[in-house]
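Let me begin by presenting the structure, written as structure tokens, before commenting on it.
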Amino acid sequence: MKNAIVRTFGVFALLLLVHAFAFGQSPTPLAANGRLQVINRQLCNEAGTPIQLRGMSSHGLHWFDQCYNSSALQTLANDWGADVFRAAMYVDEGGYMNNKVGLRNKVNQLVDWSAQFGMYCIIDWHILNPGDPNLHTADAIEFFQLMAQQHAGKKHVIYEICNEPNGVNWSSVKSYAEQVIPAIRQYDPDAIILVGTPSWSGSPGDVRSNPLTGSNAHNIMYTFHFYAGSHYTQSYIDDVIKTVPLFVSEWGTSNYSGNGGNDYNNAQNWVSFMGGNNSSGMKISWCNWSYCDKDESSAALMPGACGNNGWNNTSTSGTWVKDKILNPADNFGPPTPFVAISSPANNSTVTIGANLTITANVGNATATVVEFYDGTTKLGEDATAPYSLTLSNIQAGTYNLTVKALLNSGGPLTSSLVQVTAIPAPNQPPTITLTAPTNGTTFTAPATISIAANAADSDGSVAKVEFYNGSTKLGEDTSAPYSFDWTNVASGAYTISAKVTDNQNSVATSGSVTVYVNSPGNPSSDIIGPDCVSVNEIKLFELNSINLPNANSFSWWCTGSTQSITAVSGQPSKVNINFGANFSGGQVCVGVNYSAAPWYKQFCKTVTLCTGQPPINQAPSVSLTAPSNNASFTAPATIALVATAADNDGSISKVEFYNGNTKLGEDLTSPYEFSWANVGAGSYSLTAKATDNQGATSTSSAVSVTVNAPVVNQAPSVSLTAPSNNASFTAPASISLAANASDSDGSIAKVEFYNGSTKLGEDVTAPYTFSWTNVGSGSYSLTAKATDNQGATSTSSAVSVTVSAPPTTTADIIGDDCAAVNSVKAFELNVTNRANATNYSWWSTGSVQSITPTSGQPYKVTINFGQWFSGGQVCVGVNYSASPWYKQYCKTVNVCAAARIAAAEGLEKETSYVFPNPSPTTFKMVADKNIVQLKLTNMIGVEQYQHGALQQNDEIEFGETLVTGMYLLHIYYENKQIQTVKLLKMNQ
158 MKNAIVRTFG
168 VFALLLLVHA
178 FAFGQSPTPL
188 AANGRLQVIN
198 RQLCNEAGTP
208 IQLRGMSSHG
218 LHWFDQCYNS
228 SALQTLANDW
238 GADVFRAAMY
248 VDEGGYMNNK
258 VGLRNKVNQL
268 VDWSAQFGMY
278 CIIDWHILNP
288 GDPNLHTADA
298 IEFFQLMAQQ
308 HAGKKHVIYE
318 ICNEPNGVNW
328 SSVKSYAEQV
338 IPAIRQYDPD
348 AIILVGTPSW
358 SGSPGDVRSN
368 PLTGSNAHNI
378 MYTFHFYAGS
388 HYTQSYIDDV
398 IKTVPLFVSE
408 WGTSNYSGNG
418 GNDYNNAQNW
428 VSFMGGNNSS
438 GMKISWCNWS
448 YCDKDESSAA
458 LMPGACGNNG
468 WNNTSTSGTW
478 VKDKILNPAD
488 NFGPPTPFVA
498 ISSPANNSTV
508 TIGANLTITA
518 NVGNATATVV
528 EFYDGTTKLG
538 EDATAPYSLT
548 LSNIQAGTYN
558 LTVKALLNSG
568 GPLTSSLVQV
578 TAIPAPNQPP
588 TITLTAPTNG
598 TTFTAPATIS
608 IAANAADSDG
618 SVAKVEFYNG
628 STKLGEDTSA
638 PYSFDWTNVA
648 SGAYTISAKV
658 TDNQNSVATS
668 GSVTVYVNSP
678 GNPSSDIIGP
688 DCVSVNEIKL
698 FELNSINLPN
708 ANSFSWWCTG
718 STQSITAVSG
728 QPSKVNINFG
738 ANFSGGQVCV
748 GVNYSAAPWY
758 KQFCKTVTLC
768 TGQPPINQAP
778 SVSLTAPSNN
788 ASFTAPATIA
798 LVATAADNDG
808 SISKVEFYNG
818 NTKLGEDLTS
828 PYEFSWANVG
838 AGSYSLTAKA
848 TDNQGATSTS
858 SAVSVTVNAP
868 VVNQAPSVSL
878 TAPSNNASFT
888 APASISLAAN
898 ASDSDGSIAK
908 VEFYNGSTKL
918 GEDVTAPYTF
928 SWTNVGSGSY
938 SLTAKATDNQ
948 GATSTSSAVS
958 VTVSAPPTTT
968 ADIIGDDCAA
978 VNSVKAFELN
988 VTNRANATNY
998 SWWSTGSVQS
1008 ITPTSGQPYK
1018 VTINFGQWFS
1028 GGQVCVGVNY
1038 SASPWYKQYC
1048 KTVNVCAAAR
1058 IAAAEGLEKE
1068 TSYVFPNPSP
1078 TTFKMVADKN
1088 IVQLKLTNMI
1098 GVEQYQHGAL
1108 QQNDEIEFGE
1118 TLVTGMYLLH
1128 IYYENKQIQT
1138 VKLLKMNQ
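What follows is the structure, given as structure tokens:
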């Protein structure tokens, strides 16, 4: 449907340990499960335990980039409880083929954030359009090689190599997969790889006759996609998962377009099916489409939510799906023990002769000792955490490092391999800084400009420093201090830099500075001074000496905008003028009083703004976009600060975040963000301050936020509503327990049922019930214990019940004397007939559907009497190890009269709008009026087919895959009437 941050394997291993308990009492999904594997078609964790991952898929990364930052993924992990995040990277439609480097960097970032917050991450090659994965095979191989190289050994990475192939058959998709999978396996031999299936990943059954084989089948799963408003194919998928390992990497509550009406009833059917309610008991992992704020019904967030960090501002669909991720809680079994090398990083290098320290982490287990290996050669060991070993004066070569943790219980743990190569130290380039002149300095022609630089080389020496105007070399210096005087420089603007060369011919170039050389003024004019000046420049002007005789006072001014005019002390015929930031041209003038004629005279000189001068630096702009003004939080709060900043005449160097006058942190690159953690109760005034590349600053308007003291969690309330107090039962009893539970300030996480202190079971959704079966005689004290979403608990008042021993009976076979059609009954051979019994053979003289012996108790059976039972005998033949050696026992069972009448009344006669009936092929039906839903079941109630709404006179055809037998078609009308039609499928 529908920049770049590089982490090493060593950093990932450390994250795995750090985040095992970072966000709560339970380990994260990644810490609990470790490396995933496929066993007997089932996704399993590192310990081999079958698991289900539940999470969210992104929409197109290039369309909704603002929805996928660190804060978004942290919320998805912490608040939504997601186990997995799918990064959907479109290949065409303006995606990867238009911006390969940018989208690879984005995917790498999402992989790192997923690990940081303990989630698995699916890297998705999204080829919805054009649909044929073979059109971009070479690009896919390149992409997945780079991804596998980057993320090899990271246990949380899953590769999805072709999302929703369409317009091609499975053979074509398989050919593509057989080229791409080896590109991944070259670097990442054990990661899970998901392979798309034809018809928009809607036909995984096509794989059955021609699956991937050999090394291409290792840890492979095939994808299935559905949309609840369009797909009702549970029975088809139920058959597929008997032979094909499936992963639902995308599904929606809407119809297949991602929009339209959301069918939550069918969505719940699918969620239950994927949770294990299928004939194989298979857990199927899933990602819901989509975690974005697009204005469509399948989007999990409300429109505009991403721009305001509204990761919990959920749509109707998002609210529903979030609940299905959180409830029931994950059940991954015991956390998976692991050992990993945290440093050095895989595929790293070390300098020959250096010391190499190897450090290891052990998680979810207690190690007695950790051993360090190069290949099969033991290097040493460490018995105390933190576990480390130092190799001194390492020699040239490649080292294949692993660690082995010996445990005080259970077998040893071995890490993934980390390869390190010892190489000669590379030559480090020299460094150079231009120290003179400073940027923007002005001179008067003919000028002498002194150029100076500082240069150094950390692993050698400086051979020379060359000085340049643009690309023209001016001169050089081979010894410190490095300087050069550029003389007789004419008027103009010049760009000066310096280049250093070290003793191994490695070079580096300094930053450049721009200087300006202005023309000198006319020395014969009345006022001597420059003809042009720069803004903010201070220049000297003086009255020509030919105008000084008999002068006794001077009054200076300027017709243009200046900052100040200051007479030279003791020489009033000279002034220094600061032309300030706003000077644009004018006249510099002086009025002179004389002691003789001409008594008074004015002299003026026109001064212009020099051309080619640098413009006045404009301050940057900045605004704080998050949090919103007057937002409130609960302590201890984490407040995400986000700012936008721009500079019209340069670039942003940094954005700093403040609470009042106290600096909280800074960010050097866009998007400008800072996460202020563990904020206590109080009121705060937040601002952002931007600094541009020339040092100008601006501060945003203040945003007020309030952090409230945490509300004390109120315990939930719970009461046991069934059974009633002092109720009595007969052994072996089945006791139905039911409870009411509520939480005034949150929600109920689970209700557990107890007999005394012994837990009987639990229920995580209302109504809260549990059936306690096969209860022996005795007195019991029953309670219910409710746990809320913050872990607070309450226990109900106790209810006492009594289970009495069953009355003694002399009947050979113990069981009911009558049975209703389609009922299931239990029968057992009386204990008085079981001495020396070695074998039991059960049968019935009447028509029944099945007879099932009880596992481990063959003297007991469960009989399904089916639709056609009309009475008969239940019998058992018993072999003995002593006399009488063999004997038969029988019990007569009749049809219960009331059940016969009820069954007849519940089945309406066939109607004329389902035809043909009986049918050897398919059935057709014409809706006689508006219909909400159709369900087809067999005679014991197992659903075979389902269809959504029909309008009056709509026609459908169904039943092609049904086997021979009787079926019931249940028709649900808009007026809440229900019609049931009996259908007969015959042999062809």
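Residue 365 in the working numbering sits at position 208 of the sequence shown, and the numbers go up by one each step.
Glycine residues also receive a C-beta, built at the ideal position from the N, C-alpha and C atoms.
Keep in mind that this is a model prediction, so the values were computed, not measured.
Who does residue i pair with in a DSSP beta bridge?
i: Q1103; result: K1092
i: V692; result: DSSP, once it has assigned bridges, lists no residue as partnering V692.
i: K916; result: Y911
i: Y625; result: K630 and S654
i: G678; result: Its beta-bridge partners do not exist; DSSP assigns none.
i: H1127; result: K1092 and T1137
i: C1053; result: The partner list for C1053 (beta bridge, DSSP) is empty, contrary to what the question assumes.
At what residues does the beta strand (DSSP E) containing residue i begin and finish?
i: G520; result: L513 to G520
i: E1114; result: E1112 to F1115
i: W1000; result: A994 to S1001
i: Q199; result: Q199 to C201
i: W446; result: W443 to W446
i: N1021; result: Q1014 to N1021
i: A593; result: T588 to A593
i: Y413; result: Careful: Y413 lies outside any beta strand (DSSP E) and carries neither H nor E.
i: P1075; result: Taken as a continuous stretch (DSSP letters only), P1075 belongs to no beta strand (DSSP E), as it is neither H nor E.
i: G839; result: G839 to D849
Give the secondary structure of residue i by DSSP, where H, G and I count as helix, E and B as strand, and everything else as coil.
i: F169; result: Residue placement at F169 cannot be trusted, given a pLDDT of 41 that sits under 50; what the coordinates show is reported in the next sentence. F169: helix per DSSP, three-state reduction.
i: D269; result: helix
i: K1086; result: coil
i: M378; result: strand
i: I1135; result: strand
i: S1154; result: The question about residue 1154 has no answer, for the chain in this structure spans 158 to 1145.
i: K399; result: coil
i: T601; result: strand
i: T819; result: strand
i: R365; result: coil
i: L193; result: coil
i: A788; result: strand
i: S1143; result: At residue 1143 the sequence reads Met, which differs from the Ser that was named. In this structure, M1143 counts as coil in the three-state DSSP scheme.
i: N557; result: strand
i: Q343; result: coil
i: G464; result: helix
i: K451; result: coil
i: V526; result: strand
i: W357; result: helix
i: Y389; result: coil
i: A334; result: helix
i: P569; result: coil
i: S497; result: The sequence given here has Ala at residue 497, not Ser. The answer is strand: DSSP assigns A497 an E or B state.
My assumption, with CB atoms under 8 Å, is that residue i sits in contact with residue j. Please give the rounded CB distance.
i: D945; j: D900; result: 4 Å
i: I734; j: K696; result: 6 Å
i: F489; j: T930; result: Not a contact, Cβ separation roughly 28 Å.
i: A896; j: Y925; result: 5 Å
i: G238; j: C444; result: No, G238 and C444 are not in contact; Cβ-Cβ is about 14 Å, not under 8 Å.
i: G1028; j: G1003; result: 5 Å
i: V337; j: F301; result: 6 Å
i: T844; j: S789; result: With a Cβ gap of about 19 Å, T844 and S789 do not count as contacting.
Start and end of the alpha helix (DSSP H) containing residue i?
i: T294; result: T294 to H308
i: T782; result: Looking at the DSSP string, T782 is not in any alpha helix (DSSP H); the run it does join, the beta strand (DSSP E), is S778 to A783.
i: A189; result: P186 to N190
i: K479; result: T473 to L483
Unbroken beta strand (DSSP E) runs of length 3 or more, entirely within the segment 682-759: which are they?
-> Counting only runs of 3 or more, we get 695-700, 708-715, 721-725, 728-735 and 743-751.
Could you give the uninterrupted runs of the alpha helix (DSSP H) lying entirely in the segment 209-282, keeping only those of 4 residues or more?
-> If we require 4 residues or more, the alpha helix (DSSP H) runs fully inside the segment 209-282 come out as 227-235 and 257-273.
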